[in-house]
Every structure is written in C-alpha cells, then in structure tokens.
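Visitor:
Numbering (this note's numbering), first residue to last: 1 to 298.
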C-alpha cells in the first residue's frame, strides 16, 4: 500500500492522540509513499473527507473514539471502491478496535497498522445506517442517553456500568416484536442487543465470543433486567451461560443475519453509541463488507 490517509479527531477521549500526533505522522511518512493527515474540527468533517478522497487511497485510518469511527464507517461502507480501513484508538471505550485486537496505546496500535494484517469483517446495516459493533434498544439506549459527558471522560468505561446499575431498578418494559428466520418474539422486554463485536463500554461483555466474519449477529433479549443479570454482564458470561437456542425465563439468546424489530412505545435506537432513529427497523448483516487491519487478540 502506497497512499494512506489519516482522519484524526484530536479532541477524542482526553486528547490522547493530540499528544502523539507528531510521532504518528513521522512514522507514517517513513513507511508510506503518500500520507495525508486530516484533522476534523466539527461533526461531519470526517464524512466529507471520506466521500471526497477515500477512493483515492489504499489505506484509510480513523484516529479517534467510537463516534469518529461511526461517522467514517457510515461514509465508507456505501462506497463502491473501499480502501483498507484501520482504527487508531483515541477515545474512551474504542470498542471495535478491541474486538480486532488493536492496542489501546496509540503508538503500539500504529505499529500494528503498519504490519498490515488484514481481515474481511461483517458490517451491520439498518435503513441507511451502518455499524460495526452493536445495535440496541431499551436499557442500553437509556444508559447512553443519561450518561453525563463529564463523568464519561473522567470515569471512562466505569461510568457506563454505574448508569446501568441505576437504570436496572427503574427501567420500564416495552412491548417488543421481533421476527427472524431463527426466532420470533412478541412479549414485554427491557433490553434488546444485536451484536457484531464483543466489547461494550470498553469491557468484553454481552458477546465475548463474537465472530466478526461469520455473517451473523449475536442477539440478546432480556425480559426483566434484574441485578443478578447485571452481575453476569459484568463477568462476560451471557453467551457461555445461554448457548444458542437455549431459552431462560428472562433471557433469550440466538444468532441470525437479519431481524425485523418493532416496539411499543417506540424506542430510541443506540447504534454504536449514536442515536439517529427510533423503531421500527430491519437490521441485517453485510457479510465481510470491509477489509480491516487487525492486531493480536488478547
């Protein structure tokens, strides 16, 4: 690969990437023939850069947090000619980069990117939106809605679970209707998570054994979110305790490549930490849609 572009949000996280930008740029210019560094200043900058220049480069690197990655993915996934994609993590959680075994230390992650180990990964899609990590409604969206940004920066991943524990006791169930080839559901629920990656809030939680190349989502329905289940989430045991097609009174787990979801009342959709729409929605896998750089898994 000769042409490389780095789209970087130096405000992400605690400006972790800003401190290393000179070293990152120097290292890239030493390895690659053509290097373009583009710093985003406001929302939408990364999207505009991708739409204008992504098809001109061999490797596109997103430097920033999950929000930066989400914006760039949604501009990159619809393109006909997509460059290899890599994540240089610089945010609070950096969930999908963790799934790919990318170091959370920027300079170590950069060396992994330079090694250019590539794999084709599945991408999730609903409507005109794309995602790499997860799609969810219920408690998962309420946690993110109520999370204080200042606390998120200070506490990082811990703040996610502090909010979860509070909401477990006051969340209200909604009517969930779900249809897929493998399983149908039409009852009250408090949580629906559709996963592609294995990390959430920086911790390997709902789907620790997720496979980003298998062409299927991991799907979890929680009818009643009790504290005992929160403990299991924190211990990353959901998938082990509830193998495919085994049904518990309050938890259901299965795998599928497409599902139709509706809810009453309509629910806000949390898609990789971004809120763009409400239910109803059809969620589907685009198998091995992006070629991405990966590192060594932990």
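Beta carbons: idealized from backbone N, C-alpha and C, even for Gly.
How far does the alpha helix (DSSP H) with residue 57 in it extend, from its first residue to its last?
Guide: Element bounds for residue 57: n/a, residue is neither H nor E.
Visitor: For the pair the region 274–285 and the region 257–265, tell me if three or more CB-CB distances fall below 8 angstroms.
Guide: Segments in contact, yes.
Visitor: Closer than 8 angstroms is the cut-off here; do at least three beta carbon pairs connect the region 285–298 with the region 110–128?
Guide: Counting Cβ pairs under 8 angstroms, three or more are found: they touch.
Visitor: How many Å lie between residue 128 and residue 115 at the Cα?
Guide: Roughly 33 angstroms between the two C-alpha positions.
Visitor: Note down, one range per segment and in chain order, each beta strand (DSSP E) of at least 3 residues found wholly within the region 7–87.
Guide: With a minimum length of 3 residues, the continuous beta strand (DSSP E) runs that stay inside the region 7–87 are 34–39, 59–64.
Visitor: What does the Cβ neighbour count give for residue 272, buried or exposed, with the cut at 16 atoms within 10 Å?
Guide: Flag for residue 272 reads buried.
Visitor: Given a threshold of 16 other Cβ atoms within 10 Å of its Cβ, counted over all protein chains shown, does residue 95 qualify as buried or as exposed?
Guide: Buried, by the Cβ-count rule.
Visitor: From the DSSP output, in three-state form, read off residue 92 for me.
Guide: The answer is coil: DSSP assigns residue 92 none of H, G, I, E or B.
Visitor: When the Cα of residue 24 is compared with those of 88, 211, 175, which residue comes out closest?
Guide: Answer by Cα proximity: 88.
Visitor: State the CB to CB distance for the pair residue 195 and residue 134, rounded to an integer number of angstroms; the pair is presumed to be in contact (CB under 8 angstroms).
Guide: With 8 angstroms as the limit, residue 195 and residue 134 qualify as a contact, their Cβ atoms being about 5 angstroms apart.
Visitor: For residue 52, count the other beta carbons within 10 Å of its own beta carbon; 16 or more makes it buried, fewer makes it exposed. Which is it?
Guide: The residue in question, residue 52, is exposed, as its Cβ has fewer than 16 Cβ neighbours within 10 Å.
Visitor: From the DSSP output, in three-state form, read off residue 251 for me.
Guide: Three-state DSSP puts residue 251 in a strand.
Visitor: Cutting at 8 angstroms between CB atoms, please list the residues of its own chain near residue 47, excluding the five before and the five after it.
Guide: The answer, listed in chain order, is 71, 72, 74, 75.
Visitor: What residues are listed by DSSP as bridge partners for residue 186?
Guide: DSSP lists 177 as partners of residue 186.
Visitor: Quick check on the DSSP output: the alpha helix (DSSP H) that includes residue 109 runs from which residue to which?
Guide: Where residue 109 is concerned, the enclosing alpha helix (DSSP H) stretches over 106–115.
Visitor: Just curious, the beta strand (DSSP E) that residue 218 is in, first and last residue?
Guide: Start and end: 217–222.
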